[in-house]
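**Student:** So the mapping is simple: our numbering equals the position in the sequence shown, first residue as 1, plus 57.
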Amino acid sequence: MTATQSDLVVVSNRLPIDVTVDDDGGRTYRHSPGGLVTALEPVLKQRAGAWVGWPGAPDLGFDPIRLDGVLSIPVSLTSEEIADYYEGFSNSTLWPLYHDVITPPEYHREWHEAYRAVNAKFAEVAAGAVAEGGTVWVHDYQLQLAPSMIKQLRPDARVGFFNHIPFPPEALFAQLPWRREILTGLLGADLIGFQRAQDAGNFRSCVRRLTGLTTRGHHIFVPESDGSVRDVLSAAFPISIDSAAVDARAHLPRVQARAREIRSELGNPDRVLFGVDRLDYTKGIAHRLKAYEELLREGRLTVPGVVMVQVASPSRGNVSAYQTLRDDVETTVGRIAGDFGSLGSPAIHYLHQNQDADEMAALYLAADVMLVTALRDGMNLVAKEYVAARVDGRGALVLSEFTGAADELRQALLVNPHDIDGLKGSILRAVAMSPKEQRRRMQALRRRVLEHDVGAWAESFLGALAGR
58 MTATQSDLVV VSNRLPIDVT VDDDGGRTYR HSPGGLVTAL EPVLKQRAGA
108 WVGWPGAPDL GFDPIRLDGV LSIPVSLTSE EIADYYEGFS NSTLWPLYHD
158 VITPPEYHRE WHEAYRAVNA KFAEVAAGAV AEGGTVWVHD YQLQLAPSMI
208 KQLRPDARVG FFNHIPFPPE ALFAQLPWRR EILTGLLGAD LIGFQRAQDA
258 GNFRSCVRRL TGLTTRGHHI FVPESDGSVR DVLSAAFPIS IDSAAVDARA
308 HLPRVQARAR EIRSELGNPD RVLFGVDRLD YTKGIAHRLK AYEELLREGR
358 LTVPGVVMVQ VASPSRGNVS AYQTLRDDVE TTVGRIAGDF GSLGSPAIHY
408 LHQNQDADEM AALYLAADVM LVTALRDGMN LVAKEYVAAR VDGRGALVLS
458 EFTGAADELR QALLVNPHDI DGLKGSILRA VAMSPKEQRR RMQALRRRVL
508 EHDVGAWAES FLGALAGR
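1) What residues are listed by DSSP as bridge partners for Y86?
2) Along the chain, which unbroken stretches of the alpha helix (DSSP H) at least 4 residues long are found entirely within the segment 342–377?
3) Tell me, please, which residues DSSP counts as bridged to P280.
4) Given T241, which residues of its chain have a CB within under 7 Å of its CB, disregarding the five upstream and five downstream residues?
5) Comparing alpha-carbon positions, which option in L346, L454 and R505 lies nearest S483?
6) Is it true that the CB of L470 sits closer than 9 Å to the CB of A487?
7) What does G332 pair with, by DSSP beta-bridge criteria?
8) Which residue comes first and which comes last in the alpha helix (DSSP H) that contains P492?
9) According to DSSP, is R71 helix, strand or coil?
10) I need the DSSP call for I405, collapsed to helix, strand or coil.
11) Is the beta carbon of A423 sitting closer than 9 Å to the one on R317?
12) Is the beta carbon of V100 less than 9 Å from the beta carbon of L65?
13) Can you give the Cα-Cα distance for R104 and A257, rounded to whole angstroms?
14) Rounded to the nearest angstrom, how far is the Cβ of T160 from that of A378, given a contact under 8 Å?
15) With distances taken from CA atoms, which of T359, Q313 and R315 is nearest L330?
16) For R265, tell me which candidate among F230, V68, G395 and L248 has the shortest Cα-Cα distance.
17) Can you check DSSP and say which residues form a bridge with L229?
18) Pick out the complete alpha helix (DSSP H) segments inside the segment 184–240, 4 residues or longer, and give them in chain order.
19) Measure the CB-CB distance between A445 and L97 and report whether it falls below 9 Å.
20) Can you find at least 3 beta carbon pairs, one from the segment 343–363 and one from the segment 131–138, that sit closer than 8 Å?
21) Going by the beta-carbon positions, is the gap between V426 and Y407 smaller than 9 Å?
22) For P131, does the three-state DSSP call read helix, strand or coil?
23) What three-state label does DSSP hand M436 in the structure shown?
24) For G274, does the three-state DSSP call read helix, strand or coil?
25) Ends of the alpha helix (DSSP H) at S321?
26) Just the Cα atoms here: how many angstroms apart are A254 and G324?
27) Do you know how far the Cα of Q410 is from the Cα of F218?
28) In three-state terms, what does DSSP make of A107?
29) Quick one: is N557 buried, meaning 16 or more other Cβ sit within 10 Å of its Cβ, or exposed?
30) Could you round the C-beta distance between P526 and G461 to whole angstroms and report it? I think they count as a contact, below 8 Å.
31) Look up D413 in the DSSP assignment and say whether it is helix, strand or coil.
32) Nearest CA to the CA of R335: which residue from Y198, L243, P223 and G374?
33) Between which two residues does the beta strand (DSSP E) containing A453 stretch?
34) Would you give the residue range spanned by the beta strand (DSSP E) that G250 belongs to?
35) Say whether the segment 341–353 touches the segment 383–398, bearing in mind that this needs 3 or more beta-carbon pairs closer than 8 Å, one atom from each stretch.
36) On a Cα-Cα basis, can you pick out the residue from P162, L200 and H308 that is closest to A183?
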């Protein structure tokens, strides 16, 4: 192993660092913690591991840099590559297709060509970064061709892939003109992980029907050029959060004081409804706003007794579908505020901005009802964060059955967000839920989230990959 090679290499679209360039051209590198970083940082430090990814700005390159014990290795992308590979093929072709065509996917050959070329860039950097017999763990839908490319360059390496979003059924996936290439790219991995057993089953079904390969149980048998057959395992490894950290933050006196302050700023209503999402059409924001508006219009909820807070984190502002969604959401918010609010008693508070960790924990603690109404979601970690933050054992979670979290958090009020009447009924049930029922449900939810944290997820995946 050379000085620039590691036993464990993580590959994702973005590096876990922020790069600031000052007026004189000087650069400052700052570690950027996130959910995936939290999960993988301990094992990367233990193995002196490396992380391969795009630094977040066009034409930005630098020598590998070690921050907080993790070696960050950049993959430089041009503005054109970002537009075609990321905004184009990844987020305007694959994302909508994999999320049940909530908005129509676009198929452009130049986007696909850029996707292939960028995946090759990532694969080449990763192949050079992994030590002999080491492990490469590739993440998410932006890099589905990379596993096969890495395996071709480094057949000695173990290769894992984890898909953070849903994998569609064959009837949807078959629409993709490059479907066989995507499947072949993924089958370069020795272990392919998904959020839900349903996603893993969809993948194996696509493999059987579109490639003719044999599957048995969780296993896929891939013939090699030397006549051997490689056994690829595909299974569910539901991701989680750093639940102990969220729990600890929610116990902080300053956070609990801020939660009380938030309720006071809202006018001390009887019930606070809360939603927080990336501003994305898969999150069902419009559906929950519609349900809330109808409940107000019917008089089944009234202001100031109830108030809603919706945080929508900015997302993919260069993609037209997201621009349209923002306009639609803000139009609905304005109508609710204008029709049902009054001076000093707003019906809804809308924040199109990111919140820091303390503020998020305080908002979770201040919210009586958490609304997670995604139309399709790989997991939905917000639901788990709300549960981990409820150190008081109170609160009610209304959770879409189309999230991966619904497989685990069965004590939530599960809803079909397309059924507006059903969603309204669940909101009313959550608002009226007794303290005793809240505690009973939340105790079971917290047990699951605290025991199955993000560290356990990473260990289970890497342990299964080592066994390959």
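All C-beta atoms in this analysis are idealised placements derived from N, C-alpha and C, irrespective of residue type, glycine included. Note that the coordinates shown come from a computational prediction; the quantities given were computed from them, not determined experimentally.
**Tutor:** Taking the definition as stated:
1) Y86 pairs with V76.
2) 342–354
3) V286
4) Contacts found: S205.
5) L454
6) yes
7) Q367
8) Taken as a continuous stretch (DSSP letters only), the alpha helix (DSSP H) holding P492 covers P492 to E508.
9) Three-state DSSP puts R71 in a strand.
10) In this structure, I405 counts as strand in the three-state DSSP scheme.
11) yes
12) For V100 and L65, yes; Cβs fall inside 9 Å.
13) Each residue's alpha carbon lies about 29 Å from the other.
14) 5 Å
15) T359
16) F230
17) Answer is none; L229 lacks a bridge partner.
18) 203–210 and 227–230
19) no
20) no
21) no
22) strand
23) coil
24) The answer is coil: DSSP assigns G274 none of H, G, I, E or B.
25) Start and end: P310 to E322.
26) Cα-Cα distance, rounded: 44 Å.
27) 32 Å
28) strand
29) Here the chain comprises residues numbered 58 to 525, so residue 557 is not present and cannot be evaluated.
30) What the structure shows of the chain is the stretch from 58 to 525, and residue 526 is not part of that stretch, so it cannot be assessed.
31) coil
32) G374
33) Taken as a continuous stretch (DSSP letters only), the beta strand (DSSP E) holding A453 covers A453 to S457.
34) Note, G250: beta strand (DSSP E), L248 to F251.
35) yes
36) L200
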